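Comments concern the structure below.
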Amino acid sequence: MKYNFNEIEAKWQKYWAENQTFKANNDSDKPKYYVLDMFPYPSGAGLHVGHPLGYIASDIYARYKRHQGFNVLHPQGYDSFGLPAEQYAIQTGQHPAITTETNIATYRRQLDQIGFSFDWSREVRTSDPKYYKWTQWIFIQLFNSWYNNDTDKAASISSLVSVFETEGNAKVNAACDDAVKVFTSEDWKGYTSEQQQAILLQYRLTYLAETEVNWCPKLGTVLANDEIVNGVSERGGYPVVRKKMTQWSMRISAYAERLLQGLETIDWTDSLKESQRNWIGKSVGASVVFKVIETEVTPSLDVNDTHLEANRNSHDIEVFTTRPDTIFGVSFMTLAPEHDLVSKITTQAQKAEVDAYIQATAKRSERERMADVKTISGVFTGAYVEHPFTKAPIPIWIGDYVLASYGTGAVMAVPCGDQRDYDFAKYFNIEIPNIFDGADISEMAFTDKNNTKIANSDFINGMNYKKATQRVIYELEQLGQGKGKTNYRLRDAVFSRQRYWGEPFPVYYKNGMPQMIADEHLPIQLPEVEKYLPTETGEPPLGNAKTWAWDTIANAVVENIKIDMETVFPLELNTMPGWAGSSQYFNRYMDAQNDDAICSKEAMNYWEQVDLYIGGSEHATGHLLYARFWQKFMFDKGMVNHDEFAKKLINQGMILGTSAIVYRVAGTNQYVSKGLKENYEVEALRVDVNMVNASDEIDIEALKNWLPQFNDAEFILEDGKYFVGREVEKMSKRWFNVVNPDNICKEYGADALRLYEMFLGPLEQYKPWNTSGITGVHGFLKKLWKLYYDDNGLKVTDAQPTKDNLKTLHKTIKKVQEDIENFSFNTSVSTFMIAVNEFNTQKCTSRDVLQPLLVLISPYAPHISEELWHALGNEASISTAVFPVFEASYLVESSKEYPISFNGKMRFKMELPLDMTKDEIEKAVLANEKTQQQLQGREPKKVIVVPGKIVNIVG
RNA sequence: GCUGAAGUGGUGGAAUUGGUAGACACGUUGGACUUAAAAUCCAAUGGCCAUUAUGGCCGUGCGGGUUCAAGUCCCGCCUUCAGUACCA
């Protein structure tokens, strides 16, 4: 019988689907295990061989856990809202739902042919109204919540309202907008409903606010910080500018500290945790208030602009510093050009110069400002602040090295202790007082805070950094001009997108204030639009919808013409960002068909949280941070029972493409083989890798037919062959280096694909795909097959296994089990190859070892294992089989080949019984002829014997 | 700059955590089978030297160190990749 993999794989895939072999049960007595993949965005290009890498790894683990007796949840779905489908819709008019549906069908076919053990009965699609109903629902819960810093958790907004009604907001310690004003209970009761709603918006966990956003004109939408790479959009690489817009935001900053602390409790990779720590960017220091000296200040200050901070006036400048100990080294103050106070404090004399500077910096895009960090620029405002302790006047400057978006947008400049302040001071000839004992600051600032004592600093002279910091904070508190403060870089996340293909908000507007639609009317479904572009007035695409208004009597979406602002109101035109749908899908899988809740309490109590999550590290500061935020919120609200959603996370690396390059002689249609290209002036062109064989030789006829430009090309050959150059880069259509798993499955089989992807190298690593190597694992599968079948049929017998048979089997069990548990799937493949070779050499036919061998291999190569498993007479699927138990006794040997070393260098080997004592071993080795030969009559100085391992003779 | 990861044959990568470096596979070379190709099988394959079998020397990015023994541990460099960056 021949190994007909195509037939076998189709047969068992059908069997698994029909028998729902991998359906997970929500009420089982077995222990549970939840293995999750990052669900894919179904793009039009389909899967390439790089995509399934992580899925194969998680599938091996899931199948292994099933063999270990766990009830395994291994679901899959689609993150099906997103830009490409919408871009395609704009170009073709095709509804994104249709494209998405087609793409999903392709993905499903491709995934199925690889033989994954997914429980498809729990499939979710983020663009499915049945699913996004719950995304909308969570949005409403966030809207109806605020963050109480005293209890350190989210609480319902109604609890906040009752505090306002009884005592105002003076004692409320909330994560809220900085601009919140103090009011009493009487004030509160006197406010109109709109005023009250406006105040509550400043507390809600999702709120509407005018924010400076990253606007991408080309995409016509705002982008989150993590969607921008090097100043251009991650998708498409278009320029991004800053722009003020009214947007929904998520108050993720409220959770900054808990997101940081939570990292300690989860088993994620260090690099990923570090990325998140950097992104959260905690820094501890102090906030200091500097009072503007009033001489020239324009009198038209807004006296009503009171801040929660006591003692603060509108013409005070608050700064954040991590070095309060250097406060006596302050010689100027720098404000960001965008700082609110700039226009208020600038003197008449400096006004023209300041305005010119602000205009110049505003013109420069963020990108230019980032690229150009060396140029020092700034301008004096003419105003001064008073030093809190010395009362000396300190000049206020503006400089674009200060960022409006970090801290307070103002810094106290200490040129002797900070290099940027130093450079600025040198450039503008500002004084640089030295406050470090013995430090040399003639060339550069002294930034080493741990190796100096403070000098020239009044009450902190002679103190170290730590003591001085404490003292300065204490003194500032006494003055009411500062306090210890922790600052986070993490910004609130903008949650609005001016796109069509995303979750609509369950929000309508009444008197300009947002109103939530009640839970029972969800989902609010995406309306039909005539075109997917922004409207002529610049509104988002939903502005094109004719039926997009909320009738508060009928509780239904109705036609826009019915809007009367009495009972029918306009609906929100923005949609939610890509990360909305992916921030809670892992909980939905636990109970995917539930219409009454995201997940029932019972299901939640059973599955608890994801035990193993496998996905790419590119989501470190996006999805993985937002999902943790939502999970913590849901935990606060008692919807889930863990405040981290994934216990363990592994980042799979990427499989890269190996592009093929031909060299065209400049200005001709001649192509020169790689080895001869040095003799010509050439330009490199990428060609389809599928025309190139394993030795880098290209099929010239195929190339000629590939594109018209090659039809009458001439080739300069080496040894009658044309060799291409190679380049390792991301697999992408534009480099013609995409390898399609469909072709691999057809030619070598899914099992070969699975084994080979694992064999390529460690899971976490980036590695190039090279199709020629697959013959190795393909050959292994054929050998495996031949171990069970020869020309006469099945050759497995009931013969007693030999000692050697058992030794090979148990060696393999031990190694494979260790490998799977350590996620070193690459080395298991080698282990299987060695085992099969050994069984071949042993001429093993014994069912007692060949049957357990199949179970070991089945997580990796499920189809062939299932086929042979049934051929051996088993009725049920191999996935119900128990993983063989390792018995150490089979590996015990009575003797071993000892390496005998001289001065650490191995010289020869010697067979010695393992039960010998140290002394006996030493004696035996010294008595050996070869040892004597090596010693040449000398006495050894020392003999080191490590029983079972090595003998080393020092002489 | 900072943070994280990593440097082992022509290539992908192993090495039981300090104990025979290069498993396994690709590629290459030679051979068998075949009219031929494919497939399959066998042999060789880190470098250098020697050879009648046996052998010898050098080798895990570089330079030191610890140790009977270092790819592995310590110190100091170099390089590559990834993330992040005027963060006060």
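Residue numbers (my numbering): 156 to 1110. We put the beta carbon where it would ideally sit given N, CA and C, even for glycine. Here the structure is a predicted model, which is why all the values come from computation and not from measurement.
What residue range is occupied by the uninterrupted beta strand (DSSP E) comprising residue i?
i     : result
K900  : One detail in the question is off: residue 900 reads as Cys in this sequence, not Lys. Run containing C900: none in the beta strand (DSSP E); it sits in the alpha helix (DSSP H), P896 to E902.
G533  : G533 to E541
W423  : First-last for W423: undefined, no H or E at that position.
G554  : P548 to G554
S438  : K437 to V447
S498  : Here S498 belongs to no beta strand (DSSP E); instead the alpha helix (DSSP H) covers V497 to I500.
D573  : Here D573 belongs to no beta strand (DSSP E), and DSSP marks it neither H nor E.
N1107 : I1105 to V1109
Spell out the partners DSSP gives residue i in its beta bridges.
i     : result
Q402  : A364
Y1053 : M1065
D945  : G948
C754  : In the DSSP output, where bridge partners are listed per residue, C754 has none listed.
E852  : F878
A565  : L490
G667  : BP columns for G667 are empty, so no partner.
S1119 : Since the first and last residues shown for the chain are 156 and 1110, residue 1119 lies out of range.
N806  : G770
P725  : A704
R841  : I816
C371  : T376
What did DSSP end up calling residue i once you bin it into helix, strand or coil?
i    : result
Q350 : helix
N459 : Caution is warranted here: a pLDDT of 41 is assigned to N459, below 50, making its placement in the model unreliable, and the coordinate value is therefore given only provisionally. N459: coil per DSSP, three-state reduction.
R467 : Bear in mind that a pLDDT of 41 at R467, under 50, signals an unreliable position, so the number given afterwards is only what the model happens to contain. Note: R467 maps to coil in three-state DSSP.
P923 : strand
G270 : coil
T453 : Its pLDDT being 47, under 50, T453 is placed unreliably by the model, and nothing is read from it.
L862 : coil
R881 : strand
I929 : helix
I815 : First, the amino acid is wrong: residue 815 is Ala here, not Ile. Three-state DSSP puts A815 in a strand.
W703 : coil
M913 : helix
R889 : helix
R390 : coil
A409 : helix
N760 : helix
I163 : helix
A330 : strand
K506 : helix
Are the beta-carbon atoms of residue i and residue j separated by less than 9 Å?
i     : j     : result
E1077 : V1106 : yes
S1111 : S1034 : The structure shown does not extend to residue 1111, since the chain spans only 156 to 1110, so no value can be given for it.
L949  : Y1045 : no
V474  : G562  : yes
I855  : Y877  : yes
Q138  : I679  : For the chain, the structure presents residues 156 to 1110; residue 138 sits outside this window and is missing.
By the DSSP assignment, the alpha helix (DSSP H) with residue i in it spans what residues?
i     : result
Y210  : L208 to H222
Y243  : L238 to T247
K178  : K178 -> no alpha helix (DSSP H), and no H or E assigned at all.
P1017 : P1017 to A1026
Q972  : K958 to E976
T641  : Note, T641: premise wrong, no alpha helix (DSSP H); beta strand (DSSP E) at G637 to Y643.
S317  : I312 to E322
I628  : Y620 to L634
A782  : H778 to D791
L1009 : R1002 to I1012
So does residue i have its beta carbon nearer than 8 Å to some heavy atom of the ligand NAD?
i     : result
E1042 : This structure lacks the ligand NAD, and indeed carries no ligand of any kind.
Exercise. Would you call the segment 870-882 and the segment 805-814 touching, i.e. three or more CB-CB distances under 8 Å?
Worked result: yes
Requested in this report: Assess, as a yes-or-no matter, whether the segment 754-767 is touched by the segment 269-287 under the definition of 3 or more beta carbon pairs within less than 8 Å.
Outcome: no
- request: Flag this pair as touching only if the segment 622-641 and the segment 354-372 have three or more C-beta atom pairs under 8 Å; answer yes or no.
  value: no
Practice prompt. Evaluate contact between the segment 165-173 and the segment 207-224, counting only Cβ atoms and requiring at least three cross-stretch pairs below 8 Å.
Written response: no
Touching by the beta-carbon criterion (3+ pairs, under 8 Å), the segment 845-859 and the segment 772-785 = no
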